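Accompanying notes for the structure given below.
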Amino acid sequence: MRARLSAGPFCDIGLLMLKPVLNQTPRSSFQVLRDVTFGLLIRELKTRFGSYRLGYAWALLDPLLMIGLFSAIFGMRGHSGFGGAPAPLFITAGYLPFIFFKNVVSKLQSAVNANKGLFCYRQVTPFSTFIARFILETIVGMMVGGILILGLLWFGFDAIPNDPLQVLLIYLLLMIFSFSLGIVFCITGNLVNEAEKFLGLLMMPLMFISCVMYPLASIPAQYQHWFLWNPLVHALELIRSGWIAGYVSPNVSWTYLFGVTLILLTFAMSSYRLSHRRLIAS
Amino acid sequence: MIVLDNVSKYYPTKFGRNYVLRDVSITLPRDRNIGILGVNGAGKSTLLRLLGGMDMPNKGKVTRHCRVSWPLALNGGFQGSMTGRENTRFVCRIHGVRDTQAIEEWVKEFSEIGQHFELPIKGYSSGMRSKFSFAVSMAFDFEIYLTDEIMSVGDARFKQKCIDIFNQKRETASLIMVSHDMKNLRQQCDMGILLRNSALEVFDNIDDAIRIYQNL
Chain A
606 MRARLSAGPF CDIGLLMLKP VLNQTPRSSF QVLRDVTFGL LIRELKTRFG SYRLGYAWAL
666 LDPLLMIGLF SAIFGMRGHS GFGGAPAPLF ITAGYLPFIF FKNVVSKLQS AVNANKGLFC
726 YRQVTPFSTF IARFILETIV GMMVGGILIL GLLWFGFDAI PNDPLQVLLI YLLLMIFSFS
786 LGIVFCITGN LVNEAEKFLG LLMMPLMFIS CVMYPLASIP AQYQHWFLWN PLVHALELIR
846 SGWIAGYVSP NVSWTYLFGV TLILLTFAMS SYRLSHRRLI AS
Chain B
1277 MIVLDNVSKY YPTKFGRNYV LRDVSITLPR DRNIGILGVN GAGKSTLLRL LGGMDMPNKG
1337 KVTRHCRVSW PLALNGGFQG SMTGRENTRF VCRIHGVRDT QAIEEWVKEF SEIGQHFELP
1397 IKGYSSGMRS KFSFAVSMAF DFEIYLTDEI MSVGDARFKQ KCIDIFNQKR ETASLIMVSH
1457 DMKNLRQQCD MGILLRNSAL EVFDNIDDAI RIYQNL
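Sequence order for the protein chains is A and B.
Following our numbering, the numbering of the first sequence begins with 606 at its first residue and continues without gaps.
Following our numbering, the numbering of the second sequence begins with 1277 at its first residue and continues without gaps.
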């Protein structure tokens, strides 16, 4: 009985309250994309770390544990293996971009399936889920990078990037590369169910062939050209040579990285254009 | 007003294309309440999804010239790991509402789920879930509401509350509904569309549509 009494007036107040809130002017499609991306970004932020006990701390702990472990293992080898750079710094500069490359690709690959329920709002498109996850991962990557730099400084390493602009630029280029690759993987995975098994297989050995834990210079010269087909090698070596003073890697070129990224991005966008209906319907 | 221009929609099956609509051109007026009839599997829900823009036609174009809701009383569309409040906020944001506070409070009051509003949706009972999703859809002013078997929410009292607020909305908005309940259709709609053989037959009077449908 009490509930019924309270329900009536609240209804009316509610309706009065709502009237001014809604905007009547139609939004442009860009504004819709912006609003949706913002909404999805917050939703990703809530669910990305929300289920873990330490929440947001995992964004930091995850690379920190790996870097600590690898620094301990490879640090025993002394400085010689890393082109003169101290082990933790060398591994941070290589492993951090790599892990965020992997994160972006796997997050984008699962973006459509993870948001399937939300496509019942016509404003939400697969593309906005890609953008939201891309922005989130890129920003988390930069923040983790910043915190790790501070941490390394605390321990007395000269961790400030030598050429911050180059590091940032190549990092962004690498993120766009990952963005395109993630979209391509997502589309192939959705169109061909079996593809996901092979894509997982493809990603596994990448860490060992992408110069994450060793410099390109440590590869014998006659085999280097095999490694140089891999755009990740270019990205990681460029980031390292911008980060660590005195680290040089003469064989990598940013034009190659840029060219591959551009081609892959074009390919990703065209395949998205051709198949975005099937992404929602499936 | 929703305009369908030469729209075809099919599903690929083992036995070839299963057409739901074939070259349909029609204009649905903004100020009429429309009931969609058809036998099971004729594609009524797909038609509703096409109208709402959740699904896209294989050929042709669907243009909406007013604010059209998503299909109401549907249980999807929420992220199970987020709380009721966060989900409400999300729906507000994608609809371009900046000040979400008022709507959040309104949804909390209307849905009568109390503190569960602050808990993840996946823990809701099915009754709470449908009350919540009805409340969210009522929080926005659309010009056309799309509904798929609506008004079956909660207990008798809550149901009455839903009907009341919905009738209030109807003063400024119209309704396109799919139902198998002829009594409900007669009450709510004044125009009928019969979906059969991948084509739409429009009846200016819902009673005519129901008569034809019952003689199918």
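Heads up, the beta-carbon is just placed ideally off N, CA and C, and yes, glycines get one too.
Quick caveat: nothing in here was measured; it's all calculated off a predicted structure.
Residue burial classification, residue i (beta-carbon count within 10 angstroms, cutoff 16)
i	result
A:G644	buried
A:L869	buried
A:W834	exposed
A:D617	Because the pLDDT at A:D617 is just 45, under 50, the model does not fix this residue reliably, and the point stays unresolved.
A:P810	exposed
A:G699	buried
A:V637	buried
A:V789	buried
B:T1339	exposed
B:H1392	buried
B:R1369	buried
Backbone secondary structure at residue i - three-state DSSP
i	result
B:I1302	strand
B:F1354	coil
A:I765	coil
B:E1477	strand
A:Y726	coil
B:R1433	helix
B:S1413	helix
A:L753	helix
A:I736	helix
A:N798	coil
B:S1511	In this structure chain B extends from 1277 to 1492, so residue 1511 of chain B is not present and cannot be described.
A:V717	helix
A:M809	coil
B:G1403	helix
A:I844	helix
B:L1500	Since the first residue of chain B shown is 1277 and the last is 1492, residue 1500 of chain B is not available in this structure.
Nearest to residue i (by Cα), restricted to the options the options
i	options	result
B:E1388	B:N1309, B:K1335, B:A1378, B:G1403	B:G1403
A:A737	A:V749, A:I752, A:Q714, A:L757	A:Q714
B:L1324	B:R1308, B:I1278, B:C1368, B:Y1400	B:I1278
B:G1297	B:R1472, B:F1434, B:E1447, B:Q1490	Going by the sequence as given, residue 1297 of chain B is Leu instead of Gly. Of B:R1472, B:F1434, B:E1447, B:Q1490, the residue nearest in Cα terms is B:R1472.
B:G1353	B:L1326, B:K1398, B:L1327, B:N1309	B:K1398
B:H1456	B:C1465, B:A1449, B:T1448	B:C1465
A:I678	A:F782, A:L666, A:P691	A:P691
B:N1309	B:A1475, B:Y1421, B:D1484, B:Q1444	B:Y1421
B:E1381	B:A1411, B:N1294, B:Y1400	B:A1411
B:D1431	B:R1405, B:L1327, B:K1285, B:L1313	B:R1405
A:R845	A:A822, A:F675, A:K712, A:V641	A:A822
A:M818	A:L666, A:P631, A:S676	A:S676
A:N767	A:F706, A:V641, A:V853, A:V709	A:V853
B:S1357	B:N1363, B:P1396, B:K1335, B:I1379	B:P1396
B:S1409	B:Q1436, B:W1346, B:T1376	B:W1346
Cα-Cα separation between residue i and residue j, rounded to whole angstroms
i	j	result
A:I740	A:L796	25 Å
B:E1477	B:I1469	6 Å
A:V772	A:G847	5 Å
A:T901	A:T793	Because chain A is modelled from 606 through 887, residue 901 of chain A falls outside the range shown and cannot be assessed.
B:D1417	A:S785	38 Å
B:S1450	B:D1307	6 Å
B:M1453	B:T1423	5 Å
A:T652	A:A662	14 Å
A:L804	B:Y1287	28 Å
A:S875	A:F762	45 Å
B:A1318	B:P1333	16 Å
B:P1365	B:G1329	Sequence check: residue 1365 of chain B is Arg here, not Pro. Answer to the nearest angstrom: the Cα atoms are 21 Å apart.
A:L884	B:Y1295	20 Å
A:L723	A:R648	11 Å
B:I1302	A:F813	59 Å
B:E1385	B:F1479	40 Å
A:N798	A:F732	20 Å
A:Y861	A:F782	12 Å
A:S815	A:I765	23 Å
B:V1344	A:L841	49 Å
A:L694	A:A716	32 Å
A:V641	A:H839	34 Å
A:L837	A:F706	9 Å
Sequence-distant residues of the same chain with beta carbon closer than 7 Å to residue i, five excluded per side
i	result
A:A664	F654, V745, V749
A:K802	none
B:A1475	R1298, V1300
B:S1321	D1424, V1454
A:M826	Here residue 826 of chain A is Ala; the residue named in the question, Met, does not match the sequence. So no residue of the chain qualifies.
Residues near residue i by beta carbon distance below 6 Å, same chain, minus five either side
i	result
B:K1337	D1281
A:T743	M780
Residues of its chain near residue i, where Cβ-Cβ distance is below 8 Å and the 5 sequence neighbours each way are ignored
i	result
B:E1394	T1359, G1360, R1361
A:L701	P668, I672, G746, V749, G750, L753
A:F863	L778
Closer than 6 Å: residue i CB and nearest the ligand GDP heavy atom
i	result
B:T1448	No copy of the ligand GDP appears in this structure; indeed no ligand is present at all.
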